[in-house]
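Residue numbers (this note's numbering): 5 to 506.
Below: one structure, written as structure tokens.
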């Protein structure tokens, strides 16, 4: 039991303040988890700020018992941060999580203050503007000695506003260089205002991480030069690789893909691709070794969670996350170039989140990508949006369409060996336009059957949000199911259900 009390005694948004001393006493000599947050629950009969300071004081007294230290949304005075660093060594500290939100420029330190935490395995920094006064061989400041570190996360926003310079990120390289056992590295730096010279930061020496299993990089501009960073730390792509490029413009795309080319090679052995959108100008391609991995990521029936929450569970995957300044740039400029770079012939399972449909995207996909997917025999569309046939070009179903959009366009047959289609859609109202997708599906399946490449099995999933809607549409659903059955080889499997009882 002392271990349990040690986990909750020093959590500022946790147990009521009146229980603080009792829990701390019951923890005896157990290790302590400290979590300091800016806001607490309103029912506390003392101010949260006063309670937070009480927790802070106790954390300082028992600093050598700390197993984890989390500061969430706290604008620390500089002396509070320095205190924990000055009390090194901290042999029990395993996790360090700092969310620093102050816009003020931190004061400089005259000497280095080193956090000696040899058993620290997990460190994450969410920084804003100037960030913390971190030190390096270039300047004095807070430094970290964590030779057994396994996971490092640095997310730094609004660096431009603070006019940060190259020397302000030297500390990140120093931590990486001194952590040869690193297994997970996640960097998201908002660099716009200077070009990062990683060769200079690494001293023109490679710093390969032989244990690296997961690499997550977010590049907001080409000034970050992520390719130079990756080349310094990886001799080969790690099993799990996620690369995000934001606000891409066409002149940058070739240089970006040249950087990523060798890191996309593992995709050649993957059988599954999952495509989804953050918004109409932001697409995510997940290349996965197994179909069940796509099921793990699927956002079907998820209204408050994104697939990223499950991405960390996958030991092997490659994700390419790309955003442009408009959905037309995404569909008409980025996708054609990307289609020439990626290999699709090995993909057997294609899964799509159909809830977002950028203008022109599925038309380009049907003409330039789907014909090259010569091994896809299962197509799954989650969360199919409600678009009428006249908007078919914007519907994910349109990639099934073997018809040319005009007489002058010649393109290969899309998904030529497709056998099984699984479509999930939910009826949310009594408006007729929300039911036209099934008619449109019947037309597309008939066109494929006429051309000698019929779909064998169709599975209808999703259903109706209420029993009333199911009853309202019953007379419509039966003949549509018969229409679909008439143009496929095997059967229509109706797995739809009422959401309110599911």
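The C-beta atom is built at its ideal place from N, Cα and C for all residues, glycine as well.
Task: Reduced DSSP secondary structure (H/G/I, E/B, other) of residue 309 - done: Reading the chain shown from its first residue, position 305 is the one you call residue 309. Its pLDDT being 49, under 50, residue 309 is placed unreliably by the model, and the measurement read from it follows with that caveat. The answer is coil: DSSP assigns residue 309 none of H, G, I, E or B.
TODO: Return the CA-CA distance between residue 476 and residue 431, expressed in angstroms with no decimal places.
DONE: The residue you call residue 476 lines up with position 472 of the chain shown. The residue you call residue 431 lines up with position 427 of the chain shown. Looking at the two C-alpha atoms, the distance is approximately 11 Å.
Task: Per-residue burial, residue 512 [other beta carbons within 10 Å of its own, 16 or more giving buried] - done: There is simply no residue 512 to check, as the chain begins at 5 and stops at 506 in what is shown.
- [ ] Just the C-alpha distance for residue 27 and residue 91, rounded to the nearest angstrom, thanks.
- [x] By 1-based counting over the chain shown, the position of residue 27 is 23. By 1-based counting over the chain shown, the position of residue 91 is 87. C-alpha separation (whole angstroms): 24 Å.
- [ ] May I ask which residues mark the beginning and end of the beta strand (DSSP E) holding residue 471?
- [x] Locating residue 471 in the chain shown gives position 467, where the first residue counts as 1. Residue 471 -> not in any beta strand (DSSP E); alpha helix (DSSP H) instead, spanning 471 to 476.
Open item on the list: Alpha carbons only, please: which of 161, 213, 195 and 192 is nearest the one belonging to residue 182?
Closed with: Your numbering for residue 182 matches position 178 in the chain shown. Comparing Cα-Cα distances from residue 182 to each of 161, 213, 195 and 192, the minimum goes to 213.
Task: Buried/exposed call for residue 374, threshold 16 Cβ in 10 Å - done: The sequence position of residue 374 within the chain shown is 370, counting from 1. Looking at its Cβ environment, which holds 16 or more other Cβ atoms inside 10 Å, residue 374 is buried.
- [ ] Would you give the residue range spanned by the alpha helix (DSSP H) that residue 262 belongs to?
- [x] As a working mapping, residue 262 is identified with position 258 in the chain shown. Element bounds for residue 262: 254 to 264.
- [ ] Out of 171, 225 and 429, point me to the one whose CA is closest to residue 193's CA.
- [x] Residue mapping note: residue 193 aligns to position 189 of the chain shown, counting from 1. Cα-wise, what sits closest to residue 193 is 225.
Task: Strand pairing of residue 286, partner residues [DSSP] - done: In the chain shown, residue 286 corresponds to position 282, counting from 1. DSSP output for residue 286 lists 283 and 327 as bridge partner(s).
Open item on the list: Using 8 Å for Cβ pairs, my map puts residue 98 next to residue 72. What's the rounded Cβ distance?
Closed with: Start at 1 with the first residue of the chain shown, and residue 98 comes out as number 94. Start at 1 with the first residue of the chain shown, and residue 72 comes out as number 68. That belief holds up - the Cβ atoms of residue 98 and residue 72 are roughly 6 Å apart, short of 8 Å.
Open item on the list: Please give the ranges of any beta strand (DSSP E) in the segment 130 to 194, keeping only runs that are unbroken, at least 3 residues long and fully inside the region.
Closed with: Runs of the beta strand (DSSP E) inside the segment 130 to 194: 146 to 149, 155 to 161 and 188 to 193.
TODO: Would you decide whether residue 309 is buried or exposed? Buried here means 16 or more other CB atoms lie within 10 Å of its CB.
DONE: Numbered from 1 along the chain shown, position 305 holds the residue referred to as residue 309. Below a pLDDT of 50, predicted positions are generally treated as unreliable, and residue 309, at 49, falls in that range; no measurement from the model is reported.
Open item on the list: Contact between the segment 167 to 184 and the segment 138 to 158 is defined here as three or more beta-carbon pairs at a separation below 8 Å; is this criterion met?
Closed with: yes
Open item on the list: Taking the straight line between their C-alpha atoms, what separation do you get for residue 451 and residue 355?
Closed with: Locating residue 451 in the chain shown gives position 447, counting from the first residue. Locating residue 355 in the chain shown gives position 351, counting from the first residue. About 22 Å.
TODO: Identify which residue in 386, 158, 134 and 128 has its Cα closest to the Cα of residue 111.
DONE: Within the chain shown, residue 111 is the residue found at index 107, counting from 1. Among 386, 158, 134 and 128, the Cα nearest to that of residue 111 is on 134.
Task: residue 233: first and last residue of the uninterrupted alpha helix (DSSP H) it sits in - done: On the chain shown, residue 233 is found 229 positions in, with the first residue counted as 1. First-last of the alpha helix (DSSP H) with residue 233: 230 to 237.
- [ ] Would you tell me roughly how many angstroms separate the C-alpha atoms of residue 196 and residue 348, rounded to the nearest one?
- [x] Translated into positions along the chain shown, residue 196 becomes position 192. Translated into positions along the chain shown, residue 348 becomes position 344. Their Cα atoms are separated by approximately 34 Å.
Task: Coarse secondary structure for residue 223, derived from DSSP in three states - done: In the chain shown, the residue the question calls residue 223 occupies position 219. Three-state result, residue 223: strand.
TODO: Compute the distance between the beta-carbons of residue 363 and residue 335, then report whether it is under 8 Å.
DONE: Numbered from its first residue, the chain shown carries residue 363 at position 359. Numbered from its first residue, the chain shown carries residue 335 at position 331. Yes, they are a contact pair.
Task: Between the CA atoms of residue 329 and residue 296 - distance to the nearest angstrom - done: Mapped onto the chain shown, residue 296 falls at position 292. Mapped onto the chain shown, residue 329 falls at position 325. Their Cα atoms are separated by approximately 33 Å.
Open item on the list: Quick check on DSSP: helix, strand or coil for residue 277?
Closed with: As a position in the chain shown, residue 277 is number 273, starting the count at 1. In the structure shown, residue 277 sits in a strand (DSSP, three-state: E or B).
Open item on the list: Distance check for residue 458 and residue 425, CA to CA, integer angstroms please.
Closed with: Taking the chain shown and counting its residues from 1, one reaches residue 425 at position 421. Taking the chain shown and counting its residues from 1, one reaches residue 458 at position 454. Rounded to whole angstroms, residue 425 to residue 458 spans 11 Å at the Cα level.
TODO: Assign residue 507 to one of three DSSP states: helix, strand, or coil.
DONE: Outside the shown range of the chain, which is 5 to 506, sits residue 507, and nothing can be said about it.
Task: Exposure label - residue 231; buried when at least 16 CB within 10 Å - done: Mapped onto the chain shown, residue 231 falls at position 227. That one is buried.
- [ ] Run the CB neighbour count on residue 274, radius 10 Å, all protein chains shown included, and call it buried at 16 or more, exposed below.
- [x] Residue numbering aside, residue 274 sits at position 270 when the chain shown is read from its first letter. Answer is buried; the Cβ neighbour count reaches 16.
- [ ] Work out the CA separation of residue 7 and residue 113 for me, nearest whole Å.
- [x] By one-based count along the chain shown, residue 113 stands at place 109. By one-based count along the chain shown, residue 7 stands at place 3. Rounded to whole angstroms, residue 113 to residue 7 spans 37 Å at the Cα level.
Task: Span separating the alpha-carbon of residue 496 from that of residue 316 - done: Within the chain shown, the letter at position 492 stands for residue 496. Within the chain shown, the letter at position 312 stands for residue 316. Rounded to the nearest angstrom, the two C-alpha atoms are 35 Å apart.
Task: residue 16 to residue 286 span [Cα, whole Å] - done: In the chain shown, residue 16 corresponds to position 12, counting from 1. In the chain shown, residue 286 corresponds to position 282, counting from 1. Approximately 38 Å, taken between the alpha carbons.
Task: Best match in 54, 34, 29 and 292 for proximity to residue 41 [C-alpha to C-alpha] - done: For the purposes of this step, residue 41 is taken as residue 37 along the chain shown, with counting starting at 1. Considering only alpha carbons, the answer is 54.
Task: Spatial distance of residue 499 from residue 271 (CA atoms) - done: Numbered from its first residue, the chain shown carries residue 499 at position 495. Numbered from its first residue, the chain shown carries residue 271 at position 267. Answer to the nearest angstrom: the Cα atoms are 32 Å apart.
Open item on the list: Distance check for residue 117 and residue 49, CA to CA, integer angstroms please.
Closed with: Position 45 of the chain shown holds residue 49. Position 113 of the chain shown holds residue 117. The predicted model places residue 49 with a pLDDT of 43, which falls under 50 and marks its position as unreliable, so this point remains unresolved.
Open item on the list: Excluding the 5 residues flanking residue 351 on each side, which residues of the same chain have their C-beta closer than 8 Å to its C-beta?
Closed with: The residue you call residue 351 lines up with position 347 of the chain shown. Excluding residues within five positions, the ones whose Cβ falls inside 8 Å are 274, 275, 276, 277, 377, 379 and 380.
Open item on the list: On a Cα-Cα basis, can you pick out the residue from 236, 239, 367 and 222 that is closest to residue 251?
Closed with: Numbered from its first residue, the chain shown carries residue 251 at position 247. It is 222.
Open item on the list: Could you compute how far the alpha carbon of residue 35 sits from the alpha carbon of residue 86?
Closed with: Walking along the chain shown from the start, residue 35 turns up at place 31. Walking along the chain shown from the start, residue 86 turns up at place 82. One C-alpha to the other measures close to 21 Å.
Open item on the list: According to DSSP, simplified to helix, strand and coil, what is residue 370?
Closed with: Residue numbering aside, residue 370 sits at position 366 when the chain shown is read from its first letter. Residue state, collapsed to three classes: helix.
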